[in-house]
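Engineer: Remember, this note's numbering sits 356 above the position in the sequence shown when you count from 1.
Glycine included, each C-beta is placed from N, C-alpha and C at the ideal position.
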Amino acid sequence: MLTKAQPDEMQSYLVDASNMAGGHAARVVWPESAAEVATLLLDASETCTPVTVAGAGTGIVGGRVPFGGIVLATDKLNHIGEIVKAADGGRAVVEAGVTLAEFRRAVEARGLFYPPDPTEWSCYMGGTVATNASGARTFKYGPTRRYVQRLKIALATGDVLDLKRGVIHADKNGRFSIPLARGRSIEAQLPTYHMPQTRKHVAGYFVAPEMDALDLFIGSEGTLGVITEIETSLLLKPAGVLSGVVFFKDEADLLAFVRAARELSLRTRADGRDDDVDARALEYFDDESLKFLRTHEPRVPVGAQGAIFFEQETTAETEEKLLTAWLALLEAHRALLDDSWFATDEKDQTRLREFRHQLPVLVNEWLTRHGQRKVSTDMAVPDDAFAGMLRFYQDTLRASRLQYVIFGHIGDNHVHVNILPRDDKEAAQARAIYGQFIERAVQLGGTISAEHGVGKLKRAYLRALYGGEHLRQMAALKHAFDPAGILGRGNIFSEELL
Ligand SMILES: Cc1cc2nc3c(=O)[nH]c(=O)nc-3n(C[C@H](O)[C@H](O)[C@H](O)COP(=O)(O)OP(=O)(O)OC[C@H]3O[C@@H](n4cnc5c(N)ncnc54)[C@H](O)[C@@H]3O)c2cc1C
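1. Are there 16 or more other CB atoms within 10 angstroms of the CB of C404, so buried, or fewer, so exposed?
2. W722 lies in the alpha helix (DSSP H); which residues open and close that run?
3. For S589 versus R447, is the C-beta distance shorter than 9 Å?
4. Quick check on the burial criterion: 16 or more other C-beta atoms within 10 angstroms. Buried or exposed for D473?
5. Which same chain residues end up closer than 6 Å to V409 when comparing Cβ atoms and leaving out the 5 residues on each side of it in sequence?
6. Which whole-angstrom value describes the C-beta separation of Y307 and F763, a residue pair presumed to lie in contact below a C-beta threshold of 8 Å?
7. Near T455, which residues of its chain fall below 8 Å by C-beta distance, leaving aside the five closest residues on each side in sequence?
8. Compute the Euclidean distance between the alpha carbons of Q355 and A637, then round it to the nearest angstrom.
9. Just tell me which of F573, I426 and A797 has its CA closest to the CA of A361.
10. From the DSSP output, in three-state form, read off P565 for me.
11. Can you tell me whether DSSP reads S667 as helix, strand or coil?
12. Strictly by DSSP, which residues pair up with W697?
13. With a threshold of 8 Å (Cβ to nearest heavy atom), would H435 be considered close to ligand 1?
14. Measuring straight from C-alpha to C-alpha, what distance separates L686 and D632?
15. Under the rule that 16 or more other beta-carbon atoms within 10 Å means buried, what is P535, buried or exposed?
16. Ends of the beta strand (DSSP E) at H772?
17. Please report the residue range of the beta strand (DSSP E) in which L437 lies.
18. S599 and A443: beta carbons closer than 9 Å?
19. Quick check on L843: does DSSP put it in helix, strand or coil?
20. Is Y817 a contact residue of ligand 1, with contact defined as CB to any heavy atom under 8 Å?
21. From the DSSP output, in three-state form, read off E852 for me.
22. Helix, strand or coil for H826 per DSSP?
23. Tell me the rounded alpha-carbon separation between L511 and L580.
24. Flag this pair as yes or no: are the beta carbons of E587 and Q661 separated by less than 9 Å?
25. State whether the region 414 to 425 contacts the region 566 to 576, with contact taken as three or more CB pairs (one from each stretch) at a distance under 8 Å.
Below, the structure is given as structure tokens:
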């Protein structure tokens, strides 16, 4: 097995996209099969050596940043297995170290579609399962969890689990019994908390009555086992897409439009129709985001207080009718129709996507100029609390006089607030405001993380959400799968609880 221990050879495995500092490890290893991973984990358990699992390192909460021990790199588990197409969709088998971009290319070449889209396509499939990644299309298609049908997982005990959806469930008392080889089994007890009733949530272990054992591993952030292989379900590739960037002069109109588009989409879906509004993405840009974007694209209308990017799938038969339905909905909510942009072909759609992706680029340039890091939120709240939460963000930030942008997945009541400090004093102020936002989201029944996870950076906020006793229950659950406490140490909860 390839192993490296020289500092310069390991450096890129000691960090992730969070820029968390201080990562260090004794060595990085590259196993090439589930059996090699299992042997390595058994050895590490026997010597109580911490193991941090590394995907592509695009995570933004420090999940793969190691603090001692071994980094287990999944780069060499990079084989795409069979892709099977059926009349109504398909399925594929893929190893953990295949990038999302490669996987998408392979399934699309077969006329198939894998919906999870966490923006950064260089992430690995194993990383997306370990974080239950989601993104703009989650509004229609849900997170990664919805597509995972089977996982091969190497455990810290040296066992390899091949777990299929629908086979093992928790009993009525939240107990799992997962059979292993040679007549042994893992007996585990689920924590007793209830997850927030938000459209998206990834903070802490997934817990639901009589849940599927597979769901425990999805979103477990490298703490319960090493995912080596994934079987996913696939959809048929949509024939066409209608998208638009639509501007509003009045924020109340924009919010009413989002509520109406969401309700209509859910109704169209429930009725199984394809000839009415059914957004797959509803994304928000606030007025501060538009100010940034205007420096890149002068056509952003001056009077606009906000914008929505939407996408809907079409066919040759439905395209015209759907465009008419969207225009009627937009007109009813006083969108600035003459100044808005629509796209039905690939070229124009690429332009709209580039416009959207320009915001993080402009924000990063701004931060580089000021030598600072952004303070970025990932909270979501229930439907009826969203307008109040957005107002709280805006009122607090306007009063603070800090620079900020608010944008993101408004269809799921999940927007990202990026606070942009100009100096260290403002950075401290931004962090204090972040704490206020967390407190308010929890009060409103929201989640502290809708898609990025807890990692090492958001542990204190998970405690604010669930409390100390529930963190202890999570640690006890981990102990059932990883008795020596070697895997993903410091992720989700503090090492002291192990
Ligand atoms: C610009 C940008 C935009 C992003 N946008 C989104 C977004 O819209 N939605 C979203 O959900 N995320 C987003 N992300 C976050 C990130 O892309 C996802 O979290 C991604 O799924 C992580 O995959 P990775 O392979 O990079 O994992 P890593 O960063 O390497 O690891 C993430 C965590 O998973 C664990 N892990 C990795 N592989 C395995 C495995 N095989 N078995 C067990 N544990 C494992 C690691 O230990 C770590 O705890 C964004 C990131 C960037 C940089």
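Structural biologist: Taking the geometry as given:
1. The sequence position of residue 404 within the sequence shown is 48, counting from 1. When all chains shown are included, C404 counts as exposed.
2. In the sequence shown, residue 722 corresponds to position 366, counting from 1. Unbroken alpha helix (DSSP H) run through W722: E702 to H726.
3. Translated into positions along the sequence shown, residue 589 becomes position 233. Translated into positions along the sequence shown, residue 447 becomes position 91. For the pair S589 and R447, the CB atoms are nearer than the 9 Å cut-off.
4. As a first step, residue 473 must be located in the sequence shown, where it is residue number 117. Label assigned to D473: buried.
5. In the sequence shown, the residue the question calls residue 409 occupies position 53. L428, G578 and V582.
6. Examination of residue 307 is not possible in this model, given that the chain is present from 357 through 854 alone.
7. Locating residue 455 in the sequence shown gives position 99, where the first residue counts as 1. Contacts found: A412, W477, S478, C479, Y480 and M481.
8. Residue 355 is absent from the model: the chain starts at 357 and stops at 854.
9. The residue you call residue 361 lines up with position 5 of the sequence shown. If you compare the alpha carbons of F573, I426 and A797 with that of A361, the shortest gap goes to I426.
10. To locate residue 565, count along the sequence shown from 1; it is residue 209. Of the three classes helix, strand and coil, the one that applies to P565 here is coil, per DSSP.
11. On the sequence shown, residue 667 is found 311 positions in, with the first residue counted as 1. Residue identity check: residue 667 is Glu in the sequence provided, not Ser. The answer is strand: DSSP assigns E667 an E or B state.
12. Within the sequence shown, the letter at position 341 stands for residue 697. BP columns for W697 point to V601.
13. Translated into the one-based positions of the sequence shown, residue 435 becomes position 79. Not under cutoff, so the answer is no.
14. In the sequence shown, residue 686 corresponds to position 330, counting from 1. In the sequence shown, residue 632 corresponds to position 276, counting from 1. Rounded to whole angstroms, L686 to D632 spans 14 Å at the Cα level.
15. Numbered from its first residue, the sequence shown carries residue 535 at position 179. Classification for P535: exposed.
16. Numbered from 1 along the sequence shown, position 416 holds the residue referred to as residue 772. Residues H770 to L776.
17. Within the sequence shown, numbered from 1, the residue matching residue 437 stands at position 81. Looking at the sequence shown, residue 437 is not Leu but Gly. Boundaries of the beta strand (DSSP E) around G437: I436 to A442.
18. The sequence position of residue 599 within the sequence shown is 243, counting from 1. The sequence position of residue 443 within the sequence shown is 87, counting from 1. Cβ atoms of S599 and A443: not closer than 9 Å.
19. Locating residue 843 in the sequence shown gives position 487, counting from the first residue. If DSSP states are grouped into helix, strand and coil, L843 belongs with the strands.
20. Counting from 1 along the sequence shown, the entry for residue 817 is found at position 461. Annotation for Y817 indicates a beta carbon at 8 Å or more from all heavy atoms of ligand 1.
21. As a first step, residue 852 is located in the sequence shown; it is residue number 496 there, counting from the start. It is helical.
22. Within the sequence shown, numbered from 1, the residue matching residue 826 stands at position 470. In the three-state reduction of the DSSP assignment, H826 falls in the helix class, which pools H, G and I.
23. The residue given as residue 511 occupies position 155 in the sequence shown. The residue given as residue 580 occupies position 224 in the sequence shown. Cα-Cα distance, rounded: 7 Å.
24. Position 231 of the sequence shown, counted from the start, is the residue given in the question as residue 587. Position 305 of the sequence shown, counted from the start, is the residue given in the question as residue 661. At least 9 Å separates the beta-carbon of E587 from that of Q661.
25. Pairwise C-beta distances place the region 414 to 425 out of contact with the region 566 to 576, as fewer than three of them are shorter than 8 Å.
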